[in-house]
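Notes for the one structure printed next.
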Amino acid sequence: MGMFTFRGVPASGGVGIGRIYLIENSGYEKQAGKINKLQPDEEIGRLEKALARTLEDINKMSSTGNGPVRENEAGIFNVYKLMLEDIYFIDELRKEIKENRVSAEEAVEACFRKYVSGIIDSGNSYMAQRVYDFNSIGQRIKENLCCTAVAVPTRAGRKHIAVVRELTPLLAVDLARRGVTGVLASEGAGYLSHSVIILKAYNIPTLNCVDFEAVRKFSGSKAIIDAEQGILIIEPDRTDIRKYRQLISDNFKRLQAILEEKTAPAFTLDGNKFSISANISNLEEYNIAARRGIEGVGLIRTEILFLNGKKIPDEDKQYRIYSRVAKMMRNGQVIIRTADIRKDKLPEYASELGNIAVLGSKELKHQFEGSPYFKIQLRSILRASHH
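Numbering (my numbering), first residue to last: 2 to 388.
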């Protein structure tokens with residue numbers, strides 16, 4: 002092994018060789034403190050200009066690049082666009098400035114802090130990964146308030162292993178399009194995060210929970226990222242380099258062979274046929290799995306539909322999503338897991354859920370008796386089964 006070895010948590014598998022390239026997440030100078038009675042309108046003006054600039058940034062990013070996750074990227078960009086154009090979100094920021102007499106930067110921080118707290122308090126591991134989605138757009142707004150928003154340095158490219166403090170979806174898109182050979186993150190590269198979904202689709206090895214400060218002193222050093230074993234090797238010797246180059250070559254040949262036969266039937270060594278299915282939480286994950294030649298969907302985790310929206314999805318919305326997967330799978334089997342939507346799991350829907358004590362019960366009888374939403378979901382599934 003080389004001189005130094007660091008460990009991280011594998012997020013996107015694979016192996017890469019390149020030079021360490023540090024990317025300091027861009028910052029901003031915080032205009033703190035109370036504002037006098039003549040300034041609120043000025044702060045609101047600054048805020049609105051920053052929101053417009055941020056929306057322009059997102060539009061530019063979404064209109065360029067034709068990588069393998071173009072549809073997935075578009076989905077993430079659309080979420081950001083909806084948020085930046087949401088009148089309730091904008092009004093909340095204005096209200097924060099007027100009522101608490103704070104700067105635009107502090108208003109953004111306060112509102113996003115409230116959103117993040119709500120996500121963390123929900124106790125849902127999937128939604129916990131959305132914290133970085135919120136942080137990503139919040140950080141971009143604050144940077145635009147100071148006119149300091151910057152893109153990833155153009156020198157980060159195919160010969161680099163990018164090292165970041167916090168990986169966000171916007172940063173992941175940039176890095177993926179630049180073709181970096183690997184990504185190391187202190188945080189933000191959780192298995193269920195949008196950032197990792199993007200990097201997986203580009204086959205970019207990624208490690209999470211890497212000590213940024215420890216690695217930064219090796220900026221420019223040659224390194225190997227092994228996202229299968231969860232290790233980073235700094236200044237590897239010739240033996241390590243030769244071994245990993247061979248591994249990269251073998252992995253590439255194996256992947257090509259798999260892709261060439263992805264439509265062929267699967268058999269065990271003793272001749273028993275079986276089907277390859279994927280468990281998915283959203284259409285982004287389906288698209289990745291579909292390129293690997295899956296024959297069916299082993300499980301759709303439908304609770305994600307409820308966790309990602311501002312209100313409980315109605316029958317038509319659920320039908321459109323389920324039927325889309327069914328149509329894409331054609332004759333393949335699609336298994337849908339009904340949602341467990343208790344108030345303790347979805348506190349943001351507490352008012353809608355009312356006093357239904359048995360909502361989310363694992364027992365089918367109780368779901369029929371206590372939950373109108375369960376019947377709505379069943380109807381949407383039955384309608385989609387026609388496809």
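Built from N, CA and C at the ideal position, the CB exists for glycine as well.
Since residue i and residue j should fall inside the 8 angstroms C-beta cutoff, what is the C-beta to C-beta distance between them, to a whole number of angstroms?
i    : j    : result
I77  : H195 : 5 angstroms
E144 : I198 : With 8 angstroms as the limit, E144 and I198 do not qualify as a contact, their Cβ atoms being about 24 angstroms apart.
A267 : S276 : 7 angstroms
L146 : A105 : 5 angstroms
Y323 : I336 : In fact, because the Cβ distance is near 11 angstroms, the residues do not count as touching under 8 angstroms.
Y81  : I59  : 5 angstroms
I205 : V181 : 6 angstroms
A157 : R20  : With 8 angstroms as the limit, A157 and R20 do not qualify as a contact, their Cβ atoms being about 10 angstroms apart.
K328 : H388 : 5 angstroms
A265 : F307 : About 37 angstroms; that fails the 8 angstroms criterion.
For residue i and residue j, I'd like the C-alpha separation in whole angstroms.
i    : j    : result
N415 : A186 : In the structure as shown, the chain starts at 2 and stops at 388, and residue 415 therefore has no counterpart that could be examined.
S381 : Y374 : 11 angstroms
L248 : G17  : 10 angstroms
R95  : D42  : 9 angstroms
V165 : A202 : 19 angstroms
S220 : R8   : 17 angstroms
L83  : A163 : 30 angstroms
L260 : E86  : 41 angstroms
I301 : K99  : 44 angstroms
P170 : D271 : 44 angstroms
R293 : V103 : 51 angstroms
L379 : E167 : 40 angstroms
A108 : I281 : 36 angstroms
F5   : G139 : 36 angstroms
R384 : I295 : 23 angstroms
V174 : V184 : 12 angstroms
A111 : R131 : 17 angstroms
S386 : G297 : 14 angstroms
E304 : N79  : 21 angstroms
R325 : R54  : 34 angstroms
N1   : I289 : In the structure as shown, the chain begins at 2 and stops at 388. Residue 1 is therefore absent and cannot be evaluated.
P348 : A291 : At P348, the pLDDT of 46 sits below 50, so the modelled position is not reliable and the matter cannot be decided from this model.
I120 : I91  : 20 angstroms
L200 : T207 : 8 angstroms
S118 : R246 : 44 angstroms
R331 : K263 : 16 angstroms
K274 : Q334 : 15 angstroms
S222 : S137 : 28 angstroms
K244 : K312 : 52 angstroms
R217 : E188 : 15 angstroms
P154 : I377 : For P154, the predicted model reports a pLDDT of 47, less than 50, meaning its position is unreliable and no value from the coordinates is stated.
Y22  : R159 : 11 angstroms
I242 : I24  : 24 angstroms
Y133 : K61  : 21 angstroms
F192 : Y320 : For clarity, residue 192 is Tyr in the given sequence; the question names Phe instead. If I take the Cα positions, the gap works out to 28 angstroms.
F135 : D315 : 25 angstroms
Within the continuous alpha helix (DSSP H) that includes residue i, where are the two ends?
i    : result
F253 : R239 to E261
V298 : Here V298 belongs to no alpha helix (DSSP H); instead the beta strand (DSSP E) covers G297 to R302.
L52  : P41 to S63
R114 : A105 to D122
S276 : Unbroken run through S276: none, as it is neither H nor E.
N204 : First-last for N204: undefined, no H or E at that position.
V216 : F213 to R217
L284 : L284 to A291
Could you spell out the range, first to last residue, of the beta strand (DSSP E) harbouring residue i?
i    : result
A12  : V10 to S13
N101 : Note, N101: premise wrong, no beta strand (DSSP E); alpha helix (DSSP H) at I88 to N101.
I225 : K223 to D227
Y22  : V16 to I24
L383 : It is not in any beta strand (DSSP E) - L383 instead sits in the alpha helix (DSSP H) that spans P373 to A385.
I322 : Premise fails: I322 lies in the alpha helix (DSSP H), E316 to M330, not in any beta strand (DSSP E).
I336 : V335 to R338
L233 : I232 to I235
Kindly indicate if chain D contains any beta-carbon less than 9 angstroms away from that of residue i.
i    : result
D271 : The structure shown contains no chain D, having only a single protein chain.
Answer yes or no: the CB of residue i versus the heavy atoms of the ligand GDP, is any distance below 8 angstroms?
i    : result
R384 : Among the components modelled here there is no ligand, and therefore nothing to report on the ligand GDP.
Touch test, the segment 221–239 against the segment 2–17, Cβ-Cβ under 8 angstroms, three pairs minimum:
yes
Should the segment 253–267 be regarded as contacting the segment 212–226, the criterion being three or more beta carbon pairs within less than 8 angstroms?
no
Are the segment 235–245 and the segment 197–211 touching, with three or more C-beta to C-beta distances below 8 angstroms?
no
Report the start-end ranges of each alpha helix (DSSP H) in the segment 144–195 that is 4 residues or longer and not cut off at the edges.
170–179
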